[in-house]
Each structure stands twice: as structure tokens, then as C-alpha cells.
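Numbering (the UniProt record's numbering), first residue to last: 1 to 197.
Notes follow once the structure below has been shown.
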């Protein structure tokens, strides 16, 4: 078997993201977030009635929330390879690595809003609106393994990329994002259905 990837054709990342957006991706995302919000609220209510302080119940709730975080970040669904191809945001290095090798080796699906921090915030939320607001912030960025290891979880969302110098490309806009662009995204509640001015 030829290990040379030069004869393989990589997927056109920009074409794939445009295609996903044309297929009502944003509407589907809103529906899924609405469903997740209702289910998380319901489970929180059930577990609170049972025994609010139980470590086992806390583990169940965190696991349930974590599953939804993954599902939302991988939208539009299980029949596409959206863990990577289909993601709107890629680091410049990850995009170059993918285009060179035509595979996902050494790439990571990175949750811009770290999952541990997001789970804690959702558990603290007191109503549906607060939960939904946090879930709308879920976005992924494909990065290299090295970039993934250096991202700082102490910072907020896109500020993590600014502070570590990870350059990000918005495939939908076909634009390399500046630090100021990332800060604008950080101030918005939803990195998917907003456009940078």
C-alpha cells in the first residue's frame, strides 16, 4: 500500500462548511440546543428532588451534560465527519497539516469553551434561559495536537487562542482571524450565526 498521500485528494474544507450551512444547519442547531436545554433542566429537577448533594447524581448530571456538549459541537450529525471536516473554525496550522497529509492524524477537535468549565456553569444555571445561553456558546476549532496541549483553560473561550498565539481561520468567511476578530467572537453569545464586522 502506497503511504504517499500526494495522489489523494483532500476534501475542500471551505466547500464542506458552505454546504453544511446551506442545509439549514443553524436552524437544526437551534432545535438541538432547545431540546438539550429542556432535557438538562428536567434532569436537574429530578436529581434535585432525589438528593441534591449526592456525588453519584452529580456524576450523572455531568456525564449527561458532557454528552450534549459533544453532540452540539459535532453538529450537523453522526453521518458526516464533522468532528473535523464541517467545522467552521480551524487553526491555520491544522488546516495546512490537513491539506498536506489529507488525513486527521495529529489533529484535535478542540472545544473553544472548555467542557469542564461549561459543565460547571450549566450546573449553576437556575433556569432554561441561562442554560440555553451557555449551550449556544458551544463551538469547536480544529487544532493540531501541539496547539491543543498549549491552550490555556484559565482564559475565556477565544481569549485562550489569543493568549497562546494560535492563529484561527474562519472557513465560512474564508478569512484568517485577527486577535481583535477573536475578541469580538468572544463577546458574542454564539460563534456560529454571527459574522465578524
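C-beta: ideal position from N, C-alpha, C; glycine also.
Same chain only: Cβ atoms within 6 Å of residue i, ignoring 5 sequence neighbours per side
i           : result
residue 166 : 91, 147
residue 153 : 114
residue 29  : 75
residue 176 : 169
Per-residue DSSP class, three states only, for residue i
i           : result
residue 179 : helix
residue 158 : coil
residue 48  : helix
residue 66  : helix
residue 15  : helix
residue 91  : strand
residue 108 : strand
residue 82  : coil
Beta-carbon contacts of residue i that lie in its chain and below 8 Å, excluding the five residues immediately before and after
i           : result
residue 145 : 106, 107, 108
residue 183 : 158, 159, 162
residue 21  : 172
Residues near residue i in its chain [Cβ-Cβ closer than 7 Å; skip 5 each side]
i           : result
residue 189 : 133, 136, 137
residue 12  : none
Residue i versus residue j - alpha carbon distance
i           : j           : result
residue 126 : residue 62  : 16 Å
residue 19  : residue 173 : 13 Å
residue 64  : residue 54  : 16 Å
residue 67  : residue 44  : 15 Å
residue 119 : residue 27  : 24 Å
Residue i Cβ short of 7 Å to the ligand GDP heavy atom set
i           : result
residue 117 : For the ligand GDP, the structure offers nothing, since it holds no ligand at all.
Cβ separation of residue i and residue j, assumed to be a contact under 8 Å, to the nearest whole Å
i          : j           : result
residue 84 : residue 142 : 5 Å
**Message:** Counting beta carbon pairs with one atom in the segment 91-100 and one in the segment 34-46, are three or more of them shorter than 8 Å?
**Reply:** no
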